[in-house]
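Participant: Next up is a structure, given as structure tokens.
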Amino acid sequence: MVLEVALIDIVAGQEDDFAAAYAKGHPVLASTPGCRSVRMTRGIESPTRFVLLVEWDTVEAHIENFRDTERFTTWRSLIGPYFAAPPVVEHFTDVPA
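As structure tokens, then:
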């Protein structure tokens, strides 16, 4: 399993519109083959900052089944207009205890 973490800064005053766009686009992302779960969180101290957490089977599932497809274009067209800056996106794996 791979965790995609995206730090998303939204234009001040557009947070609620962004959240509504996310709700609309959620099924596009969540139904992607290889996607295990999707969760969006909002900053308490920084309410214009959101963190998207997506569990993928593999990095390749993220890239090949989402980023390189029309799904990503649809997703980005919904949420992209609210970005204050391009999101910072990285992939992570669990560290054994």
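If you read the sequence shown in the UniProt record's numbering, its first letter stands for residue 1, the second for the next number, and so on. Backbone N, C-alpha and C fix where the C-beta goes; we use that ideal spot for every residue, glycine too.
#1: Determine the burial state of I10: buried for a count of at least 16 other Cβ atoms within 10 Å of its Cβ, exposed for fewer.
#2: Go through its chain and collect everything with a Cβ distance to H91's Cβ below 6 Å, but skip five positions before and after it.
#3: Taking only the alpha-carbon atoms, compute the straight-line gap between W75 and D57 and give it to the nearest angstrom.
#4: Buried or exposed, going by whether 16 or more other CB atoms sit within 10 Å of the CB of V54?
#5: Tell me whether T32 is buried or exposed, calling it buried when 16 or more other Cβ atoms sit within 10 Å of its Cβ.
#6: What separation, rounded to the nearest whole angstrom, lies between the Cα atoms of M40 and A20?
#7: Tell me which residues share the same chain as residue 125 and place their Cβ nearer than 6 Å to its Cβ, disregarding the 5 neighbours each side in the sequence.
#8: Taking 8 Å as the threshold (C-beta atoms), are I79 and Y22 in contact?
#9: Return the residue from the list G34, L7, F50 and C35 that minimises the CA-CA distance to D17.
Facilitator: To lay it out plainly:
#1: For the purposes of this step, residue 10 is identified with residue 10 of the sequence shown, where counting begins at 1. I10 is buried by the Cβ-count criterion.
#2: Translated into positions along the sequence shown, residue 91 becomes position 91. Taken in chain order, the residues that qualify are V2, E4 and V59.
#3: Position 75 of the sequence shown, counting from 1, holds the residue named residue 75. Position 57 of the sequence shown, counting from 1, holds the residue named residue 57. If I take the Cα positions, the gap works out to 20 Å.
#4: Your numbering for residue 54 matches position 54 in the sequence shown. V54 comes out buried.
#5: Taking the sequence shown and counting its residues from 1, the one referred to as residue 32 is at position 32. By the 10 Å Cβ count, T32 comes out buried.
#6: If you number the sequence shown from 1, residue 40 lands on position 40. If you number the sequence shown from 1, residue 20 lands on position 20. Rounded to whole angstroms, M40 to A20 spans 12 Å at the Cα level.
#7: A query on residue 125 cannot be resolved here, the shown segment of the chain reaching from 1 to 97 and no further.
#8: For the purposes of this step, residue 22 is identified with residue 22 of the sequence shown, where counting begins at 1. For the purposes of this step, residue 79 is identified with residue 79 of the sequence shown, where counting begins at 1. Contact flag set, yes.
#9: For the purposes of this step, residue 17 is identified with residue 17 of the sequence shown, where counting begins at 1. Measuring from the Cα of D17, the nearest candidate turns out to be F50.
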